[in-house]
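Residue numbers (our numbering): 14 to 412.
We put the CB at the ideal spot given by N, CA and C, even for glycine.
Following: one structure in structure tokens, then a few remarks.
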């Protein structure tokens, strides 16, 4: 079975770039089973973390283009006007409808699976922060009942899409495909730990999803979990563990007939993939599409599990190396070398100046270390003005 995994694109430009390259890949991999859109199509304000803007900050011209492509009707009718309750609701509906149109487009070329990201969540409604970022205008308060109506309209369109297209929405229930359980953990909230209301909602939803899925485990041979809320990541060692108590309990207690366990962590903004095995579970910390459309392929069958880095800009598909290491790393290069045959693939993408000075002996030694291990089995600096971020937060949150 093969899945393409696209997540955290945050803008129409990047999701469209991923789509165009996916069409090319399908010509070479017609046996691909599904495309998984694992959340965060909204949230253009996150593009300040993108490799697209690594050399220069986001300009007013960039923002104008982002707004025009994100919501062309709003742009035409309201760009030069003060925001009203009605115009804000129009923007929200248009942005959520653009998600529907994007999913419809993907499902027209391959079976598409969608898991909600926290930027789409009704508990955060980060579309407000997006609108403030794109217009630099004060947003009026929108009554809760109108926001509820916006999200219910979005959900009804997702339901209709399931009836009419080759499409599955897994935020509220799992999918079984040829003996593989596909479980989505949506980003109802940023966090799943803690006593705040949103974290409790997140963990409660996760627990219910797992409880509803458990009876089907007896008839399955593999499970893939697509997660779009926080995980616990140690940047010093590259070690990862889900933050959800319910997920960790599930992974520890899966029955013996489940031969393959794959956990995909989205939500973060990594410019490279980490492919890790620990306690019989394969963890994939996947590419974030905001970096000019990069995504991943995973292939899993009786022969094993493989993961690939896909870059629409270089047209390269790189097979990644599986790591079981948990020791401290001294640099990005050392960490990247655990997974990539050539770390320059990633350093060039990140615009990392280390590329020019990278010691060939270090790369050689890193490759040897990874090969030996397998035998036994920054964030980009923010380019947007901090004062502007503070100003936006004041407008949106009043703090």
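query, result
"Buried versus exposed call for residue 274 [16 or more other C-beta atoms within 10 Å across all chains shown]", "buried"
"From 296, 148, 65 and 137, residue whose alpha carbon lies closest to that of residue 96", "148"
"Beta strand (DSSP E) segments (min. 3 residues) lying fully within the segment 188-222", "188-190 and 193-198"
"Local Cβ density within 10 Å of residue 217, reported as buried at 16 or more and exposed below that", "exposed"
"N-terminal and C-terminal residue of the alpha helix (DSSP H) that residue 90 is part of", "85-91"
"Option nearest residue 259 by Cα separation, candidates 252, 248 and 244", "244"
"Where residue 232 sits in the DSSP three-state scheme", "helix"
"Those runs of the alpha helix (DSSP H) which lie wholly inside the segment 84-172 and span at least 4 residues", "85-91, 98-120 and 140-148"
"Environment of residue 293 [buried if 16+ CB atoms lie within 10 Å]", "exposed"
"Alpha-carbon to alpha-carbon, residue 37 and residue 299", "21 Å"
"Reduced DSSP category for residue 27 - H, G, I as helix; E, B as strand; rest coil", "helix"
"C-alpha distance - residue 156 paired with residue 135, whole-angstrom precision", "13 Å"
"Nearest-angstrom Cα separation, counted from residue 94 out to residue 47", "42 Å"
"Residues that DSSP places opposite residue 252 in a beta bridge", "247"
"Close Cβ partners of residue 320 (< 6 Å) along its chain, the five nearest in sequence each way excluded", "288, 297, 311 and 333"
"Whole-angstrom C-beta distance between residue 123 and residue 45, which should lie under 8 Å", "6 Å"
"Per-residue DSSP class, three states only, for residue 47", "strand"
"Cα-Cα separation between residue 183 and residue 362, rounded to whole angstroms", "31 Å"
"Straight-line Cα distance separating residue 354 from residue 210", "44 Å"
"Whole-Å CB distance - residue 28 paired with residue 126, under 8 Å assumed", "Between residue 126 and residue 28 the Cβ distance is about 15 Å, and since that is not below 8 Å, they are no contact."
"Under the three-state DSSP convention, the category residue 74 falls into", "helix"
"Cα-Cα separation between residue 262 and residue 268, rounded to whole angstroms", "12 Å"
"Nearest to residue 314 (by Cα), restricted to the options 335, 193, 330 and 248", "193"
"Bounding residues of the beta strand (DSSP E) (the contiguous stretch that carries residue 307)", "Residue 307 -> no beta strand (DSSP E), and no H or E assigned at all."
"Distance between beta carbons of residue 79 and residue 24, contact taken as under 8 Å", "6 Å"
"Below-9 Å beta-carbon distance, residue 198 vs any chain D residue", "Judged by its chain identifiers, the structure shown contains no chain D, having just a single protein chain."
"Status (buried if at least 16 other CB within 10 Å, exposed otherwise) for residue 231", "exposed"
"Beta-carbon contacts of residue 264 that lie in its chain and below 6 Å, excluding the five residues immediately before and after", "294"
"For residue 15, the residue or residues it bridges with in DSSP", "312"
"Residues sharing a beta bridge with residue 288, DSSP", "297"
"Cβ-Cβ distance between residue 325 and residue 92 below 9 Å", "no"
"Which of helix, strand or coil DSSP assigns to residue 9", "Because the chain spans 14 through 412 in this model, residue 9 falls outside it and cannot be assessed."
"Cβ-based burial, residue 286 [other Cβ within 10 Å; buried from 16]", "buried"
"C-alpha distance - residue 75 paired with residue 226, whole-angstrom precision", "44 Å"
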